[in-house]
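The structure under discussion appears below in the form of structure tokens.
Residue numbers (our numbering), protein chains in the order written: chain A, 1 to 464; chain B, 1001 to 1498.
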């Protein structure tokens, strides 16, 4: 892989000479394997060795004041993106130079500014992850299968080595190299199911049997199906569901674009209390190593850690090159445009306490097709996925009765979910943001949360 | 575009290397894909244009080990040198061998037959979107967006997106196929705020995520987006100021865009054989259409006929061959209300003794082909026109343009909400209602309520955003659907109030 990096960097001087415009290249090299397994039927086992080169070019003249801030060019600038799966930087540059005159002015884009590069080379690379092959992974999974022939086991095991290189005409040069893995396992038996997942950088500290045992422990605890009767319930959200709630909070309330448009639920309220709940502290922090991502955005700007909500107070929002009014306001969230590496502060409860403190509790492990129903309220809707259980606690016994609650539709205001959160687990979990394959999206770190006074009516959950 | 000489050299070498593997590689194929994309979008008057090209190849093999088990392996790369080719062949075989560990013992009793097809296919294109300057397309998108602006608009957006895939396919059984498929779609959307500022309403044409076909820029012309956009802002304001749709049990007439998504989610996905076989169970879900009930299960009323048709002119999943070389074809999936077949490729179809439906598809060089929705089409009726169907309803709702959905993971049971919900009173379309929705506890129960299907020329609609598989594949899926279908006794209304 190093030869590609050398080739691109060696051409930079020549390309700077050739181009009358500012530009930057984004080179991604990835070696990825996804072993997808199922108990009795192998499905996909995919390897991808890829190279991706993107040119971002602006009509900003190179001799412009290199310290120019975004305030100085209020009328916008032209910007074009050209990508290729070949290492052809000179060809892309020539295409870009030809295309710029015809491009339209984007009045949000104010041209390139030199990012404040604080890390020129970052390496979080682990040999055990890089050396994993489909065969070694399959053999480990086969040993699980032989131990549990009475159950259906399926999922994925991804391993990946990634190198990002960013090189710009304004002097930007960043290199980020890392390994990461994702493991997901779903176990089914007699119509019941349970799942576990784990992500990380170092496979050397990963124990597949321990992960499987977690899923099987949940599988064994369950009893037959019972749809919860109409009434008010405590709902405990598992880490995957909490991660989705945080995602919607970020998307609907904490992006710079929504703030400019006035469509965020936080618009005009920054610095104000959104709700009274001292338990809620939500932040965005790529510097926590568990969030597993790059420390810079697609323009090479360092990602800044943000406090989104502190005790219910709206603190900061995420800005990009396009939405920031000044260079200082840019928080390095180009690409997604939103906070995507979130941490929800832990509480003091054990997970069992969350289930047993109330007489009736519904556990929602994860959502299926959650969508935005109304951006302004805000409101999300969807249904729960496998892993929705009804816990019935009897104070005379230590163990609650657990029933499979099936799939329930929900209509939630994600802000009210945080407002009504009465307890959080002291353990937190790392939840991946989608598949890791060839993306810069990382992970959230969240606890279980318990939300009281959720209405269940006709098998549907409401908190609006 | 590909250099044909380079393709020939690499493919000859790959096939030779695959054949040299002997029994380790029972079957092998190499698929080259050059993908060129153009995305022109604007939001609130800001236009951004982008083009993206990527090329590479994927090698898929069926391996057999000493334990008499078979396993599929796939490896791919965008690096086109000879040294990498050898690595990719070896990695595909290693991945296949790893997969053998999960196979049932009796896989060797089923013989996989590779395609022997030879030929070429290209999407007919009248106006090539890749020959139009990006700046011209940018101006057009801005014009589309300009039409939906208004005082109460809090957000406007429009896009045109074009994608061309130039593909070569070769395998160890002699197939040699070259295809050039051109996809194109676009749409315009406006979101307005209510007078009191307490709720918003989106309106889009032809649908929020656009309507994609295999065609050239003439598809954008034929949709008349600019013309239809002219009334969109007023419609959005009218809906925004309308009363909410109340919960109830009603007769509904569903319009084409909503039908396309309905067919997609609860017919298309349910018919995918990999779901029925449990291969998608850990991610996308299973299917309520069980393999042992095929040809017996009643999916809906006997007027319901659903086909997979990859030959339908201009539809977004129309091609010459699928991504393992099976000739495009039309196959009944639901015949007279009965489930009779699955969307499948050769790899899974032969496990049930079926012929491939020509539905084994991949999104590019870097993904293994899997069983996918193709053009899954609800066939028109033969009695009433759409207008006559609406005229036949005394008291009901007209529902069109989806804006939200939740569907059970086995595709049995759902709720959809729509942008456009209008009362039908005494056979005539009446006022708009806000937050219209409909739901069903089970999918067959819903399709059993299908009373009439319009006989007019159907609408050719396509999506560009269907996600499935791990690593995920976002694929084009088409649905040619009637202009209107009537269902009686449907649960309606947005249950968003406690």
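Each residue gets a CB set at the ideal place from its N, CA and C atoms; glycine is no exception. Values in this document were obtained by computation on a predicted structure and should not be read as measured data.
Item checked: Residues near residue 279 of chain A by beta carbon distance below 7 Å, same chain, minus five either side -> Cβ within range, chain order: 347, 421, 424.
Check: For residue 1495 of chain B, which three-state DSSP category applies?
Finding: Its pLDDT being 49, under 50, residue 1495 of chain B is placed unreliably in this model, and the coordinates cannot settle the point.
Note to self: Please tell me whether residue 1436 of chain B and residue 1245 of chain B are closer than 9 Å, where the distance is taken between their beta carbons.
What the structure shows: Cβ distance < 9 Å, so residue 1436 of chain B and residue 1245 of chain B count as in contact.
Check: Listing by chain order, which chain B residues have their CB less than 8 Å from the CB of residue 467 of chain A?
Finding: As displayed, chain A neither begins before 1 nor continues past 464, which places residue 467 of chain A out of reach and without an answer.
Note to self: Could you check whether the Cβ of residue 1168 of chain B sits closer than 9 Å to any Cβ belonging to chain E?
What the structure shows: Of the chains in the structure shown, none is chain E; the protein chains are A and B.
Next item on the list: Counting only the same chain and skipping the five closest in sequence on each side, list residues whose C-beta sits under 7 Å from that of residue 1344 of chain B.
Entry: The answer, listed in chain order, is 1273, 1354, 1356, 1357, 1359, 1371.
Note to self: Using 8 Å for Cβ pairs, my map puts residue 1409 of chain B next to residue 368 of chain A. What's the rounded Cβ distance?
What the structure shows: 6 Å between Cβ atoms; contact.
Next item on the list: Please state if the CB of residue 1217 of chain B and the CB of residue 1129 of chain B are separated by a distance shorter than 9 Å.
Entry: For the pair residue 1129 of chain B and residue 1217 of chain B, the CB atoms are nearer than the 9 Å cut-off.
Check: What does residue 1021 of chain B touch in chain A if you count any residue whose Cβ is under 8 Å from its own?
Finding: Those do not exist, as residue 1021 of chain B stays about 16 Å from chain A at its closest Cβ, beyond 8 Å.
Next item on the list: Give me the Cα-Cα distance between residue 70 of chain A and residue 109 of chain A, rounded to the nearest whole angstrom.
Entry: Unreliable positioning characterises residue 70 of chain A in this predicted model, as indicated by a pLDDT of 45, which lies under 50. The coordinate reading is nonetheless provided below. The straight-line gap from Cα to Cα measures roughly 8 Å.
Item checked: The alpha helix (DSSP H) enclosing residue 128 of chain A, as first and last residue numbers -> Bounds of the alpha helix (DSSP H) holding residue 128 of chain A are 127-131.
Notebook entry, point to check: For residue 1166 of chain B, which residues from the same chain have a beta carbon less than 7 Å from its beta carbon, with the 5 sequence-adjacent residues on both sides left out?
Noted result: So the qualifying residues of the chain are 1001, 1002, 1034, 1180.
Note to self: Assuming residue 198 of chain A and residue 211 of chain A are in contact, meaning their beta carbons sit under 8 Å apart, how far apart are those beta carbons, in whole angstroms?
What the structure shows: At roughly 6 Å, the Cβ-Cβ gap stays under 8 Å, so residue 198 of chain A and residue 211 of chain A are in contact.
Next item on the list: Using a Cβ cut-off of 9 Å (strictly closer), state whether residue 330 of chain A contacts chain B.
Entry: No, because no Cβ of chain B sits closer than 9 Å to the Cβ of residue 330 of chain A.
Checklist line | Counted within 10 angstroms of its Cβ, other Cβ atoms place residue 182 of chain A as buried (16 or more) or exposed | finding: Label assigned to residue 182 of chain A: buried.
Next item on the list: Give the range of the alpha helix (DSSP H) segment to which residue 1443 of chain B is assigned.
Entry: Per DSSP, residue 1443 of chain B belongs to the alpha helix (DSSP H) from 1443-1448.
Item checked: Delimiting residues of the alpha helix (DSSP H) encompassing residue 22 of chain A -> Unbroken run through residue 22 of chain A is the beta strand (DSSP E), 21-38; no alpha helix (DSSP H).
Note to self: Less than 8 Å between C-beta atoms, sequence neighbours within five positions excluded: which residues of the same chain meet that for residue 1310 of chain B?
What the structure shows: Sequence-distant Cβ neighbours of residue 1310 of chain B in its own chain, meaning closer than 8 Å and more than five residues away, are 1317, 1318, 1319, 1322, 1328, 1329, 1330, 1358, 1359, 1374, 1375.
Margin query: Tell me the rounded alpha-carbon separation between residue 1183 of chain B and residue 1162 of chain B.
Written below: One alpha carbon belongs to residue 1183 of chain B, the other to residue 1162 of chain B, and they sit about 6 Å apart.
Notebook entry, point to check: Just reading off the alpha helix (DSSP H) that residue 212 of chain A is part of, what are its end residues?
Noted result: In this chain, the alpha helix (DSSP H) harbouring residue 212 of chain A covers 208-221.
Check: Out of A:34, A:13, A:23, which has the shortest C-alpha to C-alpha gap to residue 1470 of chain B?
Finding: For the residues A:34, A:13, A:23, the minimum Cα distance to residue 1470 of chain B belongs to A:34.
Note to self: Measuring straight from C-alpha to C-alpha, what distance separates residue 127 of chain A and residue 1085 of chain B?
What the structure shows: Rounded to the nearest whole angstrom, the CA to CA distance from residue 127 of chain A to residue 1085 of chain B is 25 Å.
Check: Closest Cβ-Cβ distance between residue 1203 of chain B and chain A: below 9 Å?
Finding: Nearest CB-CB separation between residue 1203 of chain B and chain A: not below the 9 Å threshold.
Check: Quick one: Cα of residue 1154 of chain B to Cα of residue 1234 of chain B, how far?
Finding: Going by the C-alpha atoms only, they are around 14 Å apart.
Note to self: Looking at chain B, is there any beta carbon in it that lies within less than 9 Å of the beta carbon of residue 277 of chain A?
What the structure shows: False, the Cβ-Cβ gap to chain B never drops below 9 Å.
Margin query: For a cutoff of 9 Å on Cβ pairs, would you count residue 67 of chain A as touching chain B?
Written below: Bear in mind that the predicted position of residue 67 of chain A carries a pLDDT of just 44, short of 50, making it unreliable; the figure below should be weighed with that in mind. Taking Cβ atoms only, chain B never reaches closer than 9 Å to residue 67 of chain A, which makes this a no.
Check: residue 21 of chain A: which of A:318, A:191, A:55 sits nearest, CA to CA?
Finding: For the options A:318, A:191, A:55, the alpha carbon positioned closest to that of residue 21 of chain A is the one of A:55.
Note to self: Output needed in chain order: residues of the stretch 1459-1490 of chain B with a Cβ under 9 Å from some Cβ in chain A.
What the structure shows: The stretch 1459-1490 of chain B vs chain A, Cβ under 9 Å: 1469, 1470, 1471, 1472.
Notebook entry, point to check: Applying the criterion that 16 or more other CB atoms from any shown protein chain within 10 Å of the CB defines a buried residue, is residue 1131 of chain B buried or exposed?
Noted result: With fewer than 16 Cβ atoms within 10 Å of its Cβ, residue 1131 of chain B is classed as exposed.
Notebook entry, point to check: Among the residues of its own chain, which have a CB less than 7 Å from the CB of residue 338 of chain A, if the five just before and after it don't count?
Noted result: Only 250, 251, 254, 255, 318 meet the Cβ criterion.
Next item on the list: State yes or no: is the beta carbon of residue 211 of chain A nearer than 9 Å to at least one beta carbon in chain B?
Entry: It does not; no Cβ of chain B falls within 9 Å.
Checklist line | Ordered list of alpha helix (DSSP H) runs contained in the stretch 1109-1168 of chain B, each at least 4 residues | finding: Counting whole runs of 4 or more residues, the stretch 1109-1168 of chain B contains the alpha helix (DSSP H) stretches 1134-1146.
Next item on the list: Count the CB pairs spanning the stretch 224-234 of chain A and the stretch 140-160 of chain A that are closer than 8 Å, and state whether there are at least three.
Entry: Segments in contact, no.
Note to self: According to DSSP, simplified to helix, strand and coil, what is residue 1484 of chain B?
What the structure shows: Coil at residue 1484 of chain B, not helix or strand.
Note to self: Within 9 Å of any Cβ in chain A, is that where the Cβ of residue 1191 of chain B sits?
What the structure shows: Chain A, which has a Cβ nearer than 9 Å to the Cβ of residue 1191 of chain B, makes this yes.
Item checked: Per-residue burial, residue 180 of chain A [other beta carbons within 10 Å of its own, 16 or more giving buried] -> Classification of residue 180 of chain A: buried, given that the 10 Å Cβ count is 16 or more.
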